[in-house]
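2 protein chains.
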Amino acid sequence: MATLRAVLFDVFGTLLDVHSVAARAETLFPGQGQRLSQLWREKQLDYTRLRALAGRYVPFTRITEDALMFAADTLRLDMDGAARGLLMHEYTQLTAFADVVPALQKLQARDVTLGVLSNGDPGLLEDALHGAQIGEYFDLVLSADAVHSYKTSPAVYELGPRNLRHPASEILFVSSNGWDAAGAQWYGYVSFWVNRSGAPMEKLGVEPASGTSLADAAAFYIDKLQ
Amino acid sequence: MATLRAVLFDVFGTLLDVHSVAARAETLFPGQGQRLSQLWREKQLDYTRLRALAGRYVPFTRITEDALMFAADTLRLDMDGAARGLLMHEYTQLTAFADVVPALQKLQARDVTLGVLSNGDPGLLEDALHGAQIGEYFDLVLSADAVHSYKTSPAVYELGPRNLRHPASEILFVSSNGWDAAGAQWYGYVSFWVNRSGAPMEKLGVEPASGTSLADAAAFYIDKLQ
């Protein structure tokens, strides 16, 4: 295997814990918060894929709002503008998982180039990384918006090698979404799946390396440096 | 609006009732049948999109089996080869919804060209339409396999106009999947969503015509002939 030269991280669910969204939803719609946030997330992913596949791109923030309104309709919730605003705002106020800063510091101490590669649009990414106080660790912030598509489109994953000027085979891609880790491996990255919840491996014909925390991902990278 | 010249139907969930899959799953895994078949279906759709978007096509039957194994892993079910075989076989033994044959007969009486356009691969489509005794109604059976992609890829929807030799704007596309009706409308079809379950409209920026049964779809077509 070639030497690794940089690490790219997925953002939502990988670096940033979206749990607080469900908590906020629960305060707004008691007894429905978990279901609302789950439906919202599923529909958000669906819409990225349906639109990217059809060549009908709209920015991630718009997709996120569309998905929220669909989820609210499904549960027959009266989602007024204020509730919608509060829930959308929650995405800019997420906290980093506890294992994130130690792993980034460990990699930074080794002078590793660090970046993120996310479906999120640039404004949302900046707000979210800044809000979680981890923006300073990243040398580059790559958004699918640059190519008006979404993961698992090769055009999105190609942003990594194009901007880092290293082939994908020399970049470690880290995601807590099994399908994203598979998509990156399809593209040609060395891929690492952070499986915090003990989920089964996706059946997509590739099996990324995996571990249970971002510490495992950092250790995987450092081990390759030896 | 231009005169309509043909009707294309989606197959699984639109013409054929997949309910029996859940029933079979319940006999194999008591108490888990509903959840298994729901996860299976969701993952089946996810895999079509993830693979099509990444240019990693495999046939629908393979995706269906991969999705079944992922769903079984998620629920920690001991899915042996026999159970897998029984569940996969169920897809070739589906029954048509009660409103299907009357609607097809009504359209056939008007000499309307009828076809299907499905993600299913050709062998599965033939077995399923034959098994449900509705194969005879269709002048053409179009499979996404011909272009090695999946809905909502324009390449798949393009199979309709290419094979019917009419522009999409003169073809009615009928699906009980809201996202599929939206995808067809994006492409340029006149689109009709058969919303049997009273689901909310997808928030995808287009609003296909809709009704609650295939009879409504047939009436919509015939009304345009006047």
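Residue numbers (my numbering), protein chains in the order written: chain F, 1158 to 1383; chain R, 1158 to 1383.
Yeah, the Cβ is synthetic: ideal placement off N, Cα and C, and Gly gets one too.
Over the uninterrupted alpha helix (DSSP H) stretch that includes residue i, give me the two end residues.
i, result
"VAL1258 of chain F", "1257 to 1265"
"PHE1377 of chain F", "1371 to 1382"
"THR1171 of chain F", "Per DSSP, THR1171 of chain F belongs to no alpha helix (DSSP H) and is neither H nor E."
In chain R, which residues lie less than 7 Å from residue i when you measure between Cβ atoms?
i, result
"MET1226 of chain F", "LYS1360"
"ASP1237 of chain F", "Result: empty, since nearest Cβ-Cβ is about 16 Å, beyond 7 Å."
Please confirm whether residue i has its beta-carbon closer than 7 Å to some beta-carbon of chain R.
i, result
"ALA1219 of chain F", "Here residue 1219 of chain F turns out to be Arg, not Ala, going by the sequence shown. Taking Cβ atoms only, chain R never reaches closer than 7 Å to ARG1219 of chain F, which makes this a no."
"ASP1167 of chain F", "no"
"PRO1357 of chain F", "yes"
"TRP1350 of chain F", "no"
How many Å lie between residue i and residue j at the Cα?
i, j, result
"SER1326 of chain F", "PRO1318 of chain F", "9 Å"
"SER1300 of chain R", "THR1252 of chain R", "20 Å"
"LEU1172 of chain F", "ARG1353 of chain F", "12 Å"
"SER1306 of chain F", "GLN1262 of chain R", "42 Å"
"SER1367 of chain R", "GLY1340 of chain F", "35 Å"
"ASP1296 of chain R", "ARG1322 of chain R", "13 Å"
"GLU1199 of chain R", "LEU1161 of chain F", "36 Å"
"GLU1293 of chain R", "GLU1283 of chain R", "11 Å"
"GLN1342 of chain F", "VAL1164 of chain F", "14 Å"
"PHE1166 of chain R", "GLU1247 of chain R", "21 Å"
"GLY1355 of chain F", "VAL1313 of chain R", "36 Å"
"GLY1212 of chain F", "PHE1169 of chain R", "24 Å"
"TRP1336 of chain F", "PRO1357 of chain R", "27 Å"
"ASP1203 of chain R", "LEU1185 of chain F", "30 Å"
"GLN1265 of chain F", "LEU1271 of chain F", "8 Å"
"ARG1423 of chain F", "TYR1378 of chain F", "Because residue 1423 of chain F is not part of the residues shown, which for chain F are 1158 to 1383, the question remains open."
"SER1332 of chain R", "SER1275 of chain R", "10 Å"
"ASP1302 of chain R", "LEU1329 of chain F", "33 Å"
"ALA1376 of chain F", "PRO1259 of chain F", "11 Å"
"THR1231 of chain R", "PHE1349 of chain F", "20 Å"
"ALA1372 of chain F", "VAL1257 of chain F", "8 Å"
"SER1194 of chain F", "ASP1268 of chain R", "48 Å"
"VAL1298 of chain R", "ASN1334 of chain R", "19 Å"
"GLY1345 of chain R", "ASP1235 of chain R", "45 Å"
"SER1222 of chain R", "VAL1215 of chain R", "First, the amino acid is wrong: residue 1222 of chain R is Glu here, not Ser. Going from the Cα of GLU1222 of chain R to the Cα of VAL1215 of chain R covers about 11 Å."
"LEU1131 of chain F", "GLY1190 of chain F", "What the structure shows of chain F is the stretch from 1158 to 1383, and residue 1131 of chain F is not part of that stretch, so it cannot be assessed."
"ALA1285 of chain R", "VAL1351 of chain R", "20 Å"
Against residue i, what residues of chain F qualify as contacts under a CB-to-CB distance less than 8 Å, listed in chain order?
i, result
"SER1310 of chain R", "LEU1210, ALA1211"
"ASP1373 of chain R", "Per Cβ cutoff of 8 Å: no residues; ASP1373 of chain R is ~21 Å from chain F at best."
Residue i CB to nearest chain F CB: under 7 Å?
i, result
"ARG1206 of chain R", "yes"
"ASP1230 of chain R", "yes"
"ASP1223 of chain R", "yes"
"TRP1336 of chain R", "yes"
I'd like the span of the beta strand (DSSP E) that includes residue i, first residue to last.
i, result
"VAL1298 of chain R", "1297 to 1300"
"ALA1366 of chain R", "1366 to 1368"
"VAL1304 of chain R", "Counting along the chain, VAL1304 of chain R falls outside any beta strand (DSSP E), and DSSP gives it neither H nor E."
"PHE1349 of chain F", "1347 to 1351"
Taking residue i as the query, report the chain R residues whose CB atoms sit under 8 Å from its CB, ordered along the chain.
i, result
"ASP1302 of chain F", "Near ASP1302 of chain F there are no residues of chain R at all, since even the closest Cβ is about 16 Å away, more than 8 Å."
"TRP1343 of chain F", "ALA1211, ARG1213"
"ASP1256 of chain F", "Correct list: empty, because the minimum Cβ distance to chain R is about 24 Å."
"ASP1174 of chain F", "The contacting residues do not exist; ASP1174 of chain F stays about 22 Å from chain R at best."
Determine the chain F residues that contact residue i at a beta-carbon separation under 7 Å, and present them in chain order.
i, result
"GLY1340 of chain R", "LEU1207, ALA1211"
For residue i, return the contacting residues in chain F, with the cut-off set at a CB-CB distance below 9 Å.
i, result
"TRP1278 of chain R", "Note that residue 1278 of chain R is Asp in the sequence shown here, rather than Trp. Simply none; closest approach about 17 Å."
"ASP1268 of chain R", "Per Cβ cutoff of 9 Å: no residues; ASP1268 of chain R is ~32 Å from chain F at best."
Problem - Complete alpha helix (DSSP H) runs within the region 1209 to 1295 of chain F (minimum length 4 residues, chain order) - result: 1217 to 1231, 1238 to 1247, 1257 to 1265, 1279 to 1288
Exercise for the section: Entirely within the region 1311 to 1338 of chain F and at least 4 residues each: give me those alpha helix (DSSP H) ranges in chain order. Expected result: 1311 to 1314, 1316 to 1321
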